[in-house]
Amino acid sequence: MNERAAAALRKEHAVSGNQASSTRTPSTRENTPLDPAKLRQDFPCLKQKVHGDKRLVYLDSAATSQKPLHVIQAIDEFYRTSNANVHRGLHVLAEKATEIYECARTRVSWFINASRPSEIVWTKNATEALNLVAHSYARKHLKAGDEVVYTRMEHHSNLVPWQLLAKERGIVLRAVELNPDGTLRLEDLDRFLAGGKVKIVAVTHVSNVLGTINPVAEIAAKVHAAGAVLVVDGCQGAPHLPVDVRALSADFYAFSAHKMLGPTGLGVLYGRYELLEKMQPFLGGGEMIEEVHIDRSTYKQPPLRFEAGTPPIAQTAGMVAATEYLGKLGMARVREHEKELVAYALDRLNRVKGMKLHGPANPEIRAAVFSFELGEIHAHDIAQVLDSEGIAVRAGHHCAQPLMEWLGAASTTRASGYLYTSFDEIDALVKGLEKVRSYFGA
Ligand code: C6P
Numbered sequence: 000m001n002e003r004a005a006a007a008l009r010k011e012h013a014v015s016g017n018q019a020s021s022t023r024t025p026s027t028r029e030n031t032p033l034d035p036a037k038l039r040q041d042f043p044c045l046k047q048k049v050h051g052d053k054r055l056v057y058l059d060s061a062a063t064s065q066k067p068l069h070v071i072q073a074i075d076e077f078y079r080t081s082n083a084n085v086h087r088g089l090h091v092l093a094e095k096a097t098e099i100y101e102c103a104r105t106r107v108s109w110f111i112n113a114s115r116p117s118e119i120v121w122t123k124n125a126t127e128a129l130n131l132v133a134h135s136y137a138r139k140h141l142k143a144g145d146e147v148v149y150t151r152m153e154h155h156s157n158l159v160p161w162q163l164l165a166k167e168r169g170i171v172l173r174a175v176e177l178n179p180d181g182t183l184r185l186e187d188l189d190r191f192l193a194g195g196k197v198k199i200v201a202v203t204h205v206s207n208v209l210g211t212i213n214p215v216a217e218i219a220a221k222v223h224a225a226g227a228v229l230v231v232d233g234c235q236g237a238p239h240l241p242v243d244v245r246a247l248s249a250d251f252y253a254f255s256a257h258k259m260l261g262p263t264g265l266g267v268l269y270g271r272y273e274l275l276e277k278m279q280p281f282l283g284g285g286e287m288i289e290e291v292h293i294d295r296s297t298y299k300q301p302p303l304r305f306e307a308g309t310p311p312i313a314q315t316a317g318m319v320a321a322t323e324y325l326g327k328l329g330m331a332r333v334r335e336h337e338k339e340l341v342a343y344a345l346d347r348l349n350r351v352k353g354m355k356l357h358g359p360a361n362p363e364i365r366a367a368v369f370s371f372e373l374g375e376i377h378a379h380d381i382a383q384v385l386d387s388e389g390i391a392v393r394a395g396h397h398c399a400q401p402l403m404e405w406l407g408a409a410s411t412t413r414a415s416g417y418l419y420t421s422f423d424e425i426d427a428l429v430k431g432l433e434k435v436r437s438y439f440g441a
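24 is the number that numbering that gives the first Met the number 0 gives to position 25 of the sequence shown; each next residue is one higher, with no gaps.
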């Protein structure tokens with residue numbers, strides 16, 4: 000362990016200790032189910048009434064999660080006690096801010112079981128993290144005729160960076176299609192890999208539309224046997240599943256803090272250090288440099304090589320608190336709760352007349368994401384009527400237009416849950432949908 004990591008580790012305990020004493024985190028009881036009603040007490044935003052006296056039923060956590068007081072207070076405390084720029088100043092506040100920033104890196108490395116903190120690169124979101132891989136790894140290592148494989152269920156953030164690169168460099172794109180139940184057609188992947196030209200496979204851990212949980216470790220074995228690199232979009236994975244990047248054998252794993260109880264403005268790129276080391280910078284400017292001369296520059300080692308300019312700093316204090324909160328709950332319990340929620344919601348939603356629910360029927364391979372169509376009623380109309388009942392859902396293409404083409408729908412309505420989502424909120428959704436049906440005479 001290098002000196003910085005060791006210092007970060009020591010300080011990490013101090014950071015987490017301070018926060019634990021000033022704010023509330025849930026207690027760890029490994030085998031007990033989560034109690035969403037109790038957990039909701041930690042989330043100020045969820046306690047409010049909307050549209051007069053309507054209870055807020057927040058079913059839009061796949062877009063962004065709500066934040067517990069623990070996270071809100073950590074950010075507040077950072078600005079009250081430790082606000083300064085990082086890696087620049089020699090004064091006490093600059094040192095405090097830098098410690099928090101680096102401790103957060105250590106904590107996130109633990110959260111996903113990376114080998115070391117320097118495998119964690121801070122970005123502004125998952126989209127930037129995926130673009131970083133396309134720019135700094137792929138633009139350097141791929142040549143015309145090489146192939147990148149992605150899938151029909153990707154979010155635009157895991158499609159467009161590869162399309163930009165393909166256009167610029169003559170790289171060939173291949174798409175894995177889907178089985179009727181919304182799982183990946185892995186025989187497509189086998190066929191592409193057998194061609195011998197695939198250099199990168201980019202796949203989402205969990206679909207933000209279908210809720211499908213993809214078999215990443217199985218995919219990784221195939222990808223590595225073919226000598227290619229695996230890029231995982233973990234935006235909907237890290238918040239909801241226990242993630243061990245080494246067990247998954249992911250070469251890169253990208254996610255956003257805001258979907259896992261943390262603040263907006265912070266993303267994470269995990270990269271295997273051997274790969275990060277061989278990558279070119281993403282953005283140029285302050286703090287990613289070693290030396291700058293009037294005609295040339297040299298760059299720092301990863302992860303700082305990829306962190307140009309003033310980074311998100313207070314957000315990393317929030318991320319410490321978020322991973323601390325999730326860590327105390329236990330990600331296995333989060334997943335267990337969501338699995339039960341899936342089983343319940345599939346049963347209840349499928350009984351609604353006119354319901355066309357997309358995605359796998361097996362809760363074992365599905366996250367708590369429920370995209371659906373209801374007769375001929377437009378998704379935006381459904382969302383609007385539900386909103387008038389205090390129920391927050393998302394309607395549209397969910398930044399997954401190729402998947403919408405496959406579904407044969409311009410848009411869907413999507414309800415999504417998290418650790419604070421209770422069964423009676425699914426009941427409220429079902430009741431809301433009955434209102435929608437009667438409103439539109441369906
Ligand atoms: N999906 C949703 O409502 P950013 O915006 O960079 O934090 O995350 C992008 C992203 C990438 N991959 C997946 C699988 C995602 O779900 C998202 C974000 C939100 O579904 C906003 S479009």
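For glycine and all other residues, C-beta sits at the position ideal for the given N, C-alpha and C.
Being a predicted model, the structure only gives us computed values, none of them experimental.
Residue closest to glutamine 279, alpha-carbon to alpha-carbon, out of His257, Thr322, Arg304 = If you number the sequence shown from 1, residue 279 lands on position 280. The shortest C-alpha separation from glutamine 279 is found at Arg304.
Exposed or buried, what is serine 21 when buried is set at 16 or more other beta-carbons lying within 10 Å of its beta-carbon?
-> Here residue 21 refers to the residue found at position 22 of the sequence shown. Summary for serine 21: the model assigns pLDDT 40, below 50, so the residue's position carries little reliability, and this model does not support an answer.
How long is the line joining the alpha carbons of threonine 97 and glycine 329, rounded to whole angstroms?
-> By 1-based counting over the sequence shown, the position of residue 97 is 98. By 1-based counting over the sequence shown, the position of residue 329 is 330. Using only the alpha carbons, I get a separation of about 28 Å.
Using beta-carbon positions only, say whether alanine 174 and proline 401 come within less than 9 Å of one another.
-> By one-based count along the sequence shown, residue 174 stands at place 175. By one-based count along the sequence shown, residue 401 stands at place 402. Yes, the Cβ-Cβ distance between alanine 174 and proline 401 is below 9 Å.
Spatially closest choice to aspartate 180 from Tyr136, Gly270, Ala256, Ile364, by CA coordinates = One-based indexing of the sequence shown puts residue 180 at position 181. Among Tyr136, Gly270, Ala256, Ile364, the Cα nearest to that of aspartate 180 is on Ile364.
In angstroms with no decimal places, state the Cα-to-Cα distance between valine 70 and glycine 194.
-> The residue given as residue 70 occupies position 71 in the sequence shown. The residue given as residue 194 occupies position 195 in the sequence shown. In a straight line, the C-alpha of valine 70 is about 48 Å away from that of glycine 194.
Quick one: is glutamate 337 buried, meaning 16 or more other Cβ sit within 10 Å of its Cβ, or exposed?
-> Position 338 of the sequence shown, counting from 1, holds the residue named residue 337. Answer is buried; the Cβ neighbour count reaches 16.
Rounded straight-line distance, which links the Cα of valine 351 to that of phenylalanine 439 | Within the sequence shown, the letter at position 440 stands for residue 439. Within the sequence shown, the letter at position 352 stands for residue 351. Approximately 14 Å, taken between the alpha carbons.
Candidates Leu406, Leu131, Pro301: closest to leucine 209 by CA position | The residue labelled residue 209 in the question sits at position 210 within the sequence shown. Measuring from the Cα of leucine 209, the nearest candidate turns out to be Leu406.
Is arginine 393 near the ligand C6P, with its Cβ less than 8 Å from a heavy atom?
-> Looking up residue 393 in the sequence shown gives position 394. It does: the Cβ of arginine 393 is within 8 Å (strictly closer) of some heavy atom of the ligand C6P.
Using a threshold of 9 Å, state whether the C-beta atoms of valine 147 and isoleucine 170 are closer than that.
-> Residue mapping note: residue 147 aligns to position 148 of the sequence shown, counting from 1. Residue mapping note: residue 170 aligns to position 171 of the sequence shown, counting from 1. Yes, they are a contact pair.
Thinking glutamine 235 and asparagine 207 are a contact (beta carbons under 8 Å), I'd like their distance in whole angstroms, please.
-> Counting from one through the sequence shown, the residue named residue 235 turns up at place 236. Counting from one through the sequence shown, the residue named residue 207 turns up at place 208. Correct: roughly 5 Å between the Cβ atoms.
Can we count asparagine 82 as close to the ligand C6P, meaning its CB is less than 8 Å from some heavy atom?
-> Translated into the one-based positions of the sequence shown, residue 82 becomes position 83. Checking every heavy atom of the ligand C6P against the Cβ of asparagine 82, none is found closer than 8 Å.
Between which two residues does the beta strand (DSSP E) carrying lysine 355 extend?
-> Along the sequence shown, one-based indexing puts residue 355 at 356. First-last of the beta strand (DSSP E) with lysine 355: 354-356.
Express the C-alpha separation of leucine 92 and valine 205 in angstroms, rounding to a whole number.
-> Here residue 205 refers to the residue found at position 206 when the sequence shown is read from its first residue. Here residue 92 refers to the residue found at position 93 when the sequence shown is read from its first residue. Taking the straight line from one Cα to the other gives about 40 Å.
Proline 262 versus alanine 344: straight-line alpha-carbon distance, rounded | For this step, residue 262 is matched to residue 263 along the sequence shown. For this step, residue 344 is matched to residue 345 along the sequence shown. Answer to the nearest angstrom: the Cα atoms are 28 Å apart.
Is any heavy atom of the ligand C6P found at a distance shorter than 8 Å from the C-beta of asparagine 157?
-> Working through the sequence shown from its first residue, we reach residue 157 at position 158. Yes - the ligand C6P has a heavy atom lying nearer than 8 Å to the Cβ of asparagine 157.
Could you tell me whether any non-hydrogen atom of the ligand C6P is closer than 8 Å to the CB of alanine 408?
-> As a first step, residue 408 must be located in the sequence shown, where it is residue number 409. Outside the cutoff, so no.
Would you kindly check if the distance between the Cβ of glutamate 372 and the Cβ of threonine 411 is under 9 Å?
-> As a first step, residue 411 must be located in the sequence shown, where it is residue number 412. As a first step, residue 372 must be located in the sequence shown, where it is residue number 373. At the C-beta level, threonine 411 and glutamate 372 come within 9 Å of one another.
Given glycine 233, which residues of its chain have a CB within under 7 Å of its CB, disregarding the five upstream and five downstream residues?
-> For the purposes of this step, residue 233 is taken as residue 234 along the sequence shown, with counting starting at 1. So the list reads His204, Val242, Tyr252, Ala253, Phe254, once near-sequence residues are dropped.
In chain order, what residues of the same chain have a beta carbon less than 8 Å from the beta carbon of glutamate 276, not counting five sequence neighbours either side?
-> Counting from 1 along the sequence shown, the entry for residue 276 is found at position 277. Excluding residues up to 5 positions away in sequence, Gln300, Pro301 lie with their Cβ nearer than 8 Å to the Cβ of glutamate 276 in the same chain.
Taking 8 Å as the line, does the beta carbon of serine 64 fall inside it for any heavy atom of the ligand C6P?
-> Translated into positions along the sequence shown, residue 64 becomes position 65. No.
DSSP three-state assignment for serine 296, whether helix, strand or coil = On the sequence shown, position 297 is the one that residue 296 refers to. Reduced to three states, the DSSP call for serine 296 is strand.
Closer than 8 Å by C-beta to leucine 274: which residues in its own chain qualify, once you throw out the five before and the five after it? Chain order, please.
-> As a working note, residue 274 is residue 275 in the sequence shown. Excluding residues within five positions, the ones whose Cβ falls inside 8 Å are Tyr136, Val228, Asp250, Phe251.
Using the rule of at least 16 other Cβ atoms within 10 Å of the residue's Cβ for burial, across every protein chain shown, is glutamine 383 buried or exposed?
-> Counted from its first residue, the sequence shown places residue 383 at position 384. Exposed, since its Cβ has fewer than 16 Cβ neighbours within 10 Å.
What residue from Ile99, Ala61, His90, Leu192 has the CA that sits closest to glutamate 76's CA?
-> Position 77 of the sequence shown holds residue 76. If we check each option's Cα against that of glutamate 76, Ile99 comes out closest.
Answer with buried or exposed for glutamine 47, where buried requires no fewer than 16 other C-beta atoms within 10 angstroms of its C-beta.
-> If you number the sequence shown from 1, residue 47 lands on position 48. Exposed, by the Cβ-count rule.
Extent of the continuous alpha helix (DSSP H) run through isoleucine 425 = Translated into positions along the sequence shown, residue 425 becomes position 426. Run containing isoleucine 425: 422-438, per the alpha helix (DSSP H) assignment.
List the whole-angstrom C-beta distance separating valine 132 from leucine 38, where the pair is believed to meet the contact cut-off of C-beta under 8 Å.
-> For the purposes of this step, residue 132 is taken as residue 133 along the sequence shown, with counting starting at 1. For the purposes of this step, residue 38 is taken as residue 39 along the sequence shown, with counting starting at 1. That pair is no contact at about 34 Å.
Could you tell me which residues DSSP pairs with serine 415 in its beta bridges?
-> On the sequence shown, position 416 is the one that residue 415 refers to. Note: serine 415 sits in a beta bridge opposite Asp59, Val368.
Is any heavy atom in the ligand C6P found nearer than 8 Å to the beta carbon of valine 205?
-> Position 206 of the sequence shown holds residue 205. The answer is yes for valine 205.
Straight-line CA distance for serine 60 to glycine 270?
-> Stepping through the sequence shown from its first residue, residue 60 is reached at position 61. Stepping through the sequence shown from its first residue, residue 270 is reached at position 271. Looking at the two C-alpha atoms, the distance is approximately 26 Å.
Which of helix, strand or coil does DSSP assign to aspartate 232?
-> For the purposes of this step, residue 232 is identified with residue 233 of the sequence shown, where counting begins at 1. Looking at aspartate 232 - three-state DSSP - the assignment turns out to be strand.
Using alpha carbons as the reference points, say which of Ser248, Ala36, Arg190, His239 lies closest to histidine 257.
-> As a working note, residue 257 is residue 258 in the sequence shown. With distances taken between Cα atoms, histidine 257 lies closest to His239.
Host beta strand (DSSP E) of glycine 266 (start-end) = Residue numbering aside, residue 266 sits at position 267 when the sequence shown is read from its first letter. 266-270 is the extent of the beta strand (DSSP E) around glycine 266.
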